[in-house]
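Note sheet for the following structure.
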Amino acid sequence: MENNDKKNILVCPLNWGKGHATRVQVIAGELVRRGYKVYIAAPHKYNKTFDRSAYTELVNIWSPSIYYSGFFPLFIDVFFQLPVHFIAFITDRLRLAGILRRYSIGLIISDNRFGFWSKRVYSIYITHQLRVALPRAFSFAGSFISSIHRFIVSRYDECWVPDLPGEDNLSGRLSHHCSQPSYTYYIGPLSRLFYHTPRWRGSPDPCRGISSSSSPSPRGLKAQAPLFQIRAF
427 MENNDKKNIL VCPLNWGKGH ATRVQVIAGE LVRRGYKVYI AAPHKYNKTF
477 DRSAYTELVN IWSPSIYYSG FFPLFIDVFF QLPVHFIAFI TDRLRLAGIL
527 RRYSIGLIIS DNRFGFWSKR VYSIYITHQL RVALPRAFSF AGSFISSIHR
577 FIVSRYDECW VPDLPGEDNL SGRLSHHCSQ PSYTYYIGPL SRLFYHTPRW
627 RGSPDPCRGI SSSSSPSPRG LKAQAPLFQI RAF
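Numbering (the working numbering), first residue to last: 427 to 659.
If you want it as structure tokens, here you go:
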């Protein structure tokens with residue numbers, strides 16, 4: 427995108443924890459720095475997630491979050507929530523045209539929000555999961571589910587993968603060595619920490635390692651427990 431073509435840009439993160447929101451914040455912040463007006467389509471709660479300098483306005487749009495019971499396997503939790511998310515998809519499709527007109531949107535960037543694409547406005551889809559991974563017991567359906575996802579991706583003009591191409595990558599089989607559209611681009615890992623200077627830099631006690639976990643509660647809290655035990659050492 428050239429600076430002489432100042433389009434208003436709509437950025438739409440999936441409401442699945444904070445991972446999708448924090449990674450598109452990097453893109454949104456860079457666009458604002460280049461002089462674009464960026465509108466975030468997300469639930470109002472993301473006011474606390476996005477740095478205020480990373481967007482022009484947050485367009486409050488209802489979107490159900492993924493709830494993990496902590497008792498059932500992940501795929502069961504997600505399966506029983508599919509009807510609600512289908513309703514969210516329909517809601518996104520119905521509201522999109524009005525948003526495009528109201529804010530004079532010239533570009534859509536959707537992070538796994540299936541309903542945010544338009545035939546009239548250039549649309550970009552962000553995903554790290556070109557191949558959908560299923561539990562071993564349901565692996566026979568993996569190709570079918572992945573083909574549905576590829577159909578969704580085909581509605582967009584570009585597909586961005588927030589990872590590195592080649593063998594040295596983060597997503598492994600999810601985004602590599604699998605069928606993908608010809609307009610797929612690996613844009614490198616995205617982290618809002620790129621714009622922060624590590625507190626340990628220049629410290630006499632340098633950082634020896636970094637650990638991270640990502641999952642909505644209560645499953646996320648369970649994943650973090652071993653990390654705090656390691657920290658004690």
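By construction, the Cβ of each residue, glycine as well, lies at the ideal position given by its N, Cα and C atoms.
Computed from a predicted structure; not experimentally measured.
task: Establish whether the CB of GLY443 and some CB of chain D are separated by less than 8 Å.
output: Chain labels in this structure do not include chain D; a single protein chain is all it has.
message: Among CYS585, GLY532, PRO499, ASN538, whose alpha-carbon lies nearest the alpha-carbon of ASP518?
response: ASN538
- prompt: Helix, strand or coil: which one does DSSP assign to PRO588?
  reply: coil
task: Give every residue of the same chain whose Cβ lies closer than 6 Å to the Cβ of TYR529, excluding the five residues on either side of it in the sequence, and list them in chain order.
output: Taking C-beta separations shorter than 6 Å and ignoring five residues to either side along the sequence, the partners of TYR529 in its chain run ASN434, TYR465, following chain order.
message: Just to confirm the assignment, what range does the beta strand (DSSP E) spanning GLU483 have?
response: Here the beta strand (DSSP E) through GLU483 covers 483-486.
For ALA467: DSSP bridge partner residues: VAL485
- prompt: Could you check where the beta strand (DSSP E) with GLY532 kicks off and where it finishes?
  reply: 531-537
Local Cβ density within 10 Å of TYR611, reported as buried at 16 or more and exposed below that: Residue environment for TYR611: exposed (fewer than 16 other C-beta atoms within 10 angstroms of its C-beta).
message: Quick check on LEU440: buried or exposed, where buried means 16 or more other Cβ atoms within 10 Å of its Cβ?
response: Looking at its Cβ environment, which holds 16 or more other Cβ atoms inside 10 Å, LEU440 is buried.
message: Suppose you measure from the CA of PHE515 to the CA of PRO509; what does that come to, to the nearest Å?
response: 10 Å
task: Report buried or exposed for PHE542, applying the criterion of at least 16 other Cβ atoms within 10 angstroms of its Cβ.
output: buried
- prompt: Would DSSP call VAL437 helix, strand or coil?
  reply: strand
query: Closest by CA to LEU600, which one among SER569, SER617, GLY524?
result: SER569
message: Tell me whether the stretch 464-480 and the stretch 568-584 touch, counting them as touching only if at least three CB pairs, one residue from each stretch, are closer than 8 Å.
response: no
field: Alpha carbon of PHE506 to alpha carbon of TRP442, nearest angstrom
entry: 15 Å
query: Just checking my contact of PRO588 with ILE613 at CB under 8 Å: how many whole Å lie between their CB atoms?
result: 6 Å
Boundaries (first-last residue) of the beta strand (DSSP E) holding ILE613: Looking at the DSSP string, ILE613 is not in any beta strand (DSSP E), and its letter there is neither H nor E.
- request: Compute the Euclidean distance between the alpha carbons of ARG562 and GLY445, then round it to the nearest angstrom.
  value: 25 Å
query: Rounded C-beta distance between ALA468 and ILE453? I'm assuming under 8 Å.
result: Wrong, their Cβ atoms sit about 14 Å apart, outside the cutoff.
- request: Spatial neighbours of ILE531 within its chain, please: CB distance less than 8 Å, with the 5 preceding and 5 following residues excluded, ordered by chain position.
  value: LYS433, ASN434, ILE435, LEU436, TYR465, ILE525, VAL547
query: Shortest alpha-carbon distance to TYR472 belongs to which of ARG449, PHE566, ALA523?
result: ARG449
- request: Could you tell me whether the Cβ atoms of LEU556 and GLN606 are closer together than 8 Å?
  value: Their beta carbons are under 8 Å apart, which means LEU556 touches GLN606 by this criterion.
- request: Grab the span of the alpha helix (DSSP H) containing SER573 for me, first residue to last.
  value: 568-579
Reduced DSSP category for TYR472 - H, G, I as helix; E, B as strand; rest coil: helix
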